[in-house]
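In my numbering, the protein residues as written are 1 to 197.
Idealized CB from N, CA, C, for every residue including glycine.
Remember, it's a predicted structure, so these values are computed and weren't measured experimentally.
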Amino acid sequence: MDYYDFRNRLNSQSSSSSPHPMASLYPKIGHPPPPRNNATASPSSGMGIRVTLKPEFRITPPPQMYPHIGEIPRSTFQFDFELERKILAEAEKENPNWSNLGLENLPRETAKPISRANSSASVDPVVGKYTATGLNRDAVSIAVAKYGDNPIKVREFVSGYMVLREMGFEANRVAEALFAHDNDKEAAAHFLTTSSS
(Lines of atoms letter the chains of each structure in order from A and count residues from 1; the text may use other names and numbers.)
(Lines give C-alpha, C1' and ligand atoms only; values in the text may rest on other atoms or scores of the structure.)
Protein backbone atom coordinates (compact mmCIF):
# COMPACT_ATOMS: atom_id res chain seq x y z
CA MET A 1 0.00 0.00 0.00
CA ASP A 2 1.34 3.40 -0.94
CA TYR A 3 1.08 6.25 1.53
CA TYR A 4 0.82 9.74 0.18
CA ASP A 5 2.68 12.28 2.26
CA PHE A 6 0.50 15.40 2.50
CA ARG A 7 3.24 17.21 4.41
CA ASN A 8 5.47 17.45 1.35
CA ARG A 9 2.60 18.74 -0.78
CA LEU A 10 1.64 21.35 1.82
CA ASN A 11 5.24 22.41 2.31
CA SER A 12 5.75 22.93 -1.40
CA GLN A 13 2.55 25.02 -1.69
CA SER A 14 3.06 27.16 1.40
CA SER A 15 6.82 27.66 1.35
CA SER A 16 6.54 30.80 -0.71
CA SER A 17 3.84 32.44 1.43
CA SER A 18 5.17 31.78 4.93
CA PRO A 19 8.60 31.47 6.49
CA HIS A 20 7.51 28.48 8.64
CA PRO A 21 6.22 25.48 6.67
CA MET A 22 3.31 24.61 9.03
CA ALA A 23 2.18 28.20 9.68
CA SER A 24 -0.33 28.17 6.85
CA LEU A 25 -2.26 25.29 8.44
CA TYR A 26 -3.37 27.38 11.42
CA PRO A 27 -5.50 30.54 11.41
CA LYS A 28 -3.75 33.77 12.27
CA ILE A 29 -5.02 35.42 15.44
CA GLY A 30 -6.32 38.95 14.97
CA HIS A 31 -6.55 38.60 11.18
CA PRO A 32 -9.71 37.95 9.20
CA PRO A 33 -10.02 34.39 7.95
CA PRO A 34 -8.84 33.75 4.40
CA PRO A 35 -11.60 33.68 1.77
CA ARG A 36 -13.05 30.24 1.17
CA ASN A 37 -13.30 28.67 -2.19
CA ASN A 38 -17.04 28.19 -2.77
CA ALA A 39 -16.49 25.63 -5.47
CA THR A 40 -17.13 22.18 -4.09
CA ALA A 41 -14.29 19.74 -4.32
CA SER A 42 -14.92 16.93 -6.73
CA PRO A 43 -14.77 13.41 -5.30
CA SER A 44 -11.97 12.59 -7.72
CA SER A 45 -9.64 15.21 -6.21
CA GLY A 46 -9.04 13.09 -3.09
CA MET A 47 -9.54 15.99 -0.71
CA GLY A 48 -12.25 16.01 1.97
CA ILE A 49 -14.34 13.38 3.65
CA ARG A 50 -17.72 12.19 2.50
CA VAL A 51 -20.03 11.06 5.30
CA THR A 52 -23.39 9.38 4.91
CA LEU A 53 -25.70 8.53 7.77
CA LYS A 54 -28.08 5.61 7.80
CA PRO A 55 -31.69 6.78 8.03
CA GLU A 56 -32.19 5.17 11.45
CA PHE A 57 -29.36 7.28 12.89
CA ARG A 58 -30.52 10.61 11.50
CA ILE A 59 -31.89 13.10 13.98
CA THR A 60 -35.48 13.97 13.33
CA PRO A 61 -36.95 17.28 14.41
CA PRO A 62 -38.94 17.16 17.66
CA PRO A 63 -42.68 16.60 17.32
CA GLN A 64 -44.81 19.72 17.22
CA MET A 65 -46.83 20.43 20.36
CA TYR A 66 -50.48 21.18 19.87
CA PRO A 67 -51.19 24.85 20.61
CA HIS A 68 -54.30 24.07 22.70
CA ILE A 69 -52.26 22.28 25.40
CA GLY A 70 -50.75 25.47 26.80
CA GLU A 71 -48.83 25.69 30.04
CA ILE A 72 -49.13 23.00 32.68
CA PRO A 73 -50.17 24.69 35.93
CA ARG A 74 -47.52 24.65 38.62
CA SER A 75 -48.22 23.68 42.22
CA THR A 76 -48.86 26.62 44.49
CA PHE A 77 -48.52 24.60 47.70
CA GLN A 78 -46.23 26.30 50.19
CA PHE A 79 -44.86 24.02 52.90
CA ASP A 80 -44.68 25.71 56.29
CA PHE A 81 -41.27 24.66 57.59
CA GLU A 82 -41.48 27.02 60.56
CA LEU A 83 -44.67 25.32 61.79
CA GLU A 84 -42.99 21.93 61.43
CA ARG A 85 -40.03 23.15 63.50
CA LYS A 86 -42.41 24.37 66.22
CA ILE A 87 -44.26 21.05 66.25
CA LEU A 88 -41.03 19.08 66.54
CA ALA A 89 -39.73 21.37 69.30
CA GLU A 90 -43.01 21.05 71.21
CA ALA A 91 -43.02 17.25 70.82
CA GLU A 92 -39.59 17.02 72.45
CA LYS A 93 -40.78 18.79 75.60
CA GLU A 94 -41.73 16.85 78.74
CA ASN A 95 -45.28 18.29 78.73
CA PRO A 96 -46.11 19.60 75.26
CA ASN A 97 -48.69 22.37 75.07
CA TRP A 98 -50.30 21.98 71.63
CA SER A 99 -52.66 24.89 72.13
CA ASN A 100 -49.71 27.30 71.67
CA LEU A 101 -49.50 26.27 68.01
CA GLY A 102 -53.14 26.98 67.21
CA LEU A 103 -53.76 23.62 65.59
CA GLU A 104 -57.26 22.24 65.19
CA ASN A 105 -56.27 18.56 65.21
CA LEU A 106 -54.38 18.15 68.43
CA PRO A 107 -52.80 14.82 69.36
CA ARG A 108 -54.77 13.24 72.19
CA GLU A 109 -51.88 11.59 74.00
CA THR A 110 -48.18 11.82 73.56
CA ALA A 111 -45.94 8.83 73.84
CA LYS A 112 -43.82 8.94 76.94
CA PRO A 113 -40.15 8.53 76.22
CA ILE A 114 -38.80 5.29 77.61
CA SER A 115 -36.01 5.88 80.04
CA ARG A 116 -32.89 3.80 79.54
CA ALA A 117 -32.63 2.97 83.24
CA ASN A 118 -36.05 1.29 83.36
CA SER A 119 -35.72 -0.54 80.04
CA SER A 120 -32.23 -1.91 80.71
CA ALA A 121 -33.37 -3.63 83.90
CA SER A 122 -36.01 -5.67 82.05
CA VAL A 123 -33.88 -6.55 78.99
CA ASP A 124 -32.51 -10.05 78.76
CA PRO A 125 -28.69 -9.85 78.63
CA VAL A 126 -28.61 -12.25 75.66
CA VAL A 127 -31.10 -10.05 73.77
CA GLY A 128 -29.05 -7.00 74.75
CA LYS A 129 -25.91 -8.60 73.33
CA TYR A 130 -27.52 -8.97 69.89
CA THR A 131 -29.31 -5.63 69.88
CA ALA A 132 -26.01 -3.93 70.74
CA THR A 133 -24.74 -5.12 67.34
CA GLY A 134 -27.62 -3.31 65.62
CA LEU A 135 -30.14 -6.13 65.25
CA ASN A 136 -33.87 -5.45 65.67
CA ARG A 137 -34.99 -5.92 69.29
CA ASP A 138 -38.35 -7.55 68.44
CA ALA A 139 -36.80 -10.05 66.05
CA VAL A 140 -33.97 -10.85 68.46
CA SER A 141 -36.42 -11.46 71.31
CA ILE A 142 -38.36 -14.00 69.24
CA ALA A 143 -35.18 -15.68 67.98
CA VAL A 144 -33.60 -15.94 71.44
CA ALA A 145 -36.82 -17.40 72.85
CA LYS A 146 -36.70 -20.12 70.16
CA TYR A 147 -32.97 -20.77 69.66
CA GLY A 148 -31.34 -19.46 72.83
CA ASP A 149 -27.84 -17.97 72.50
CA ASN A 150 -27.05 -19.50 69.10
CA PRO A 151 -25.50 -16.65 67.08
CA ILE A 152 -25.89 -18.31 63.67
CA LYS A 153 -29.57 -19.18 64.14
CA VAL A 154 -30.39 -15.82 65.73
CA ARG A 155 -28.78 -13.84 62.89
CA GLU A 156 -30.43 -16.03 60.22
CA PHE A 157 -33.82 -15.58 61.86
CA VAL A 158 -33.44 -11.81 62.28
CA SER A 159 -32.34 -11.40 58.66
CA GLY A 160 -35.31 -13.36 57.33
CA TYR A 161 -37.71 -11.76 59.78
CA MET A 162 -36.76 -8.23 58.75
CA VAL A 163 -37.02 -8.98 55.02
CA LEU A 164 -40.42 -10.63 55.35
CA ARG A 165 -41.76 -7.91 57.66
CA GLU A 166 -40.68 -5.29 55.10
CA MET A 167 -42.79 -7.22 52.58
CA GLY A 168 -45.80 -6.49 54.77
CA PHE A 169 -46.42 -9.86 56.42
CA GLU A 170 -47.66 -10.03 60.02
CA ALA A 171 -45.03 -10.60 62.70
CA ASN A 172 -46.58 -13.80 64.10
CA ARG A 173 -47.01 -15.37 60.66
CA VAL A 174 -43.43 -14.45 59.70
CA ALA A 175 -42.03 -16.06 62.86
CA GLU A 176 -44.11 -19.23 62.35
CA ALA A 177 -43.06 -19.50 58.70
CA LEU A 178 -39.37 -19.05 59.49
CA PHE A 179 -39.52 -21.60 62.32
CA ALA A 180 -41.31 -24.11 60.07
CA HIS A 181 -38.78 -23.67 57.25
CA ASP A 182 -35.56 -23.50 59.32
CA ASN A 183 -35.01 -19.76 58.67
CA ASP A 184 -35.13 -20.19 54.87
CA LYS A 185 -36.38 -16.79 53.66
CA GLU A 186 -37.43 -17.99 50.21
CA ALA A 187 -39.37 -21.00 51.51
CA ALA A 188 -41.02 -18.88 54.21
CA ALA A 189 -41.96 -16.19 51.68
CA HIS A 190 -43.45 -18.84 49.39
CA PHE A 191 -45.40 -20.29 52.31
CA LEU A 192 -46.68 -16.85 53.33
CA THR A 193 -47.78 -15.91 49.82
CA THR A 194 -49.52 -19.20 49.07
CA SER A 195 -51.16 -19.88 52.43
CA SER A 196 -54.46 -18.28 53.33
CA SER A 197 -54.50 -15.84 56.21
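- The Cβ-Cβ distance between F157 and N136 does not fall below 8 Å.
- Close CB contacts of F179 within its chain, under the 7 Å cut and outside five residues either way in sequence, are with K146 (chain order).
- According to the DSSP assignment, N172 belongs to the alpha helix (DSSP H) that extends over 171-180.
- Under the three-state reduction of DSSP, N100 is assigned to helix.
- A check of alpha carbon separations from T193 across V123, A175, E56, F169 identifies F169 as the nearest.
- With a contact defined as Cβ atoms closer than 8 Å, S141 and V127 qualify at about 5 Å.
- If you look at L83, you'll find it in the alpha helix (DSSP H) that goes 81-91.
- Taking C-beta atoms under 8 Å as the contact rule, V174 and Y161 qualify, at a distance of about 6 Å.
- Membership of V144 in the alpha helix (DSSP H) is indicated by the continuous run 137-147.
- Of all alpha-carbon atoms in K185, H181, R155, the one lying nearest the alpha-carbon of R165 is that of K185.
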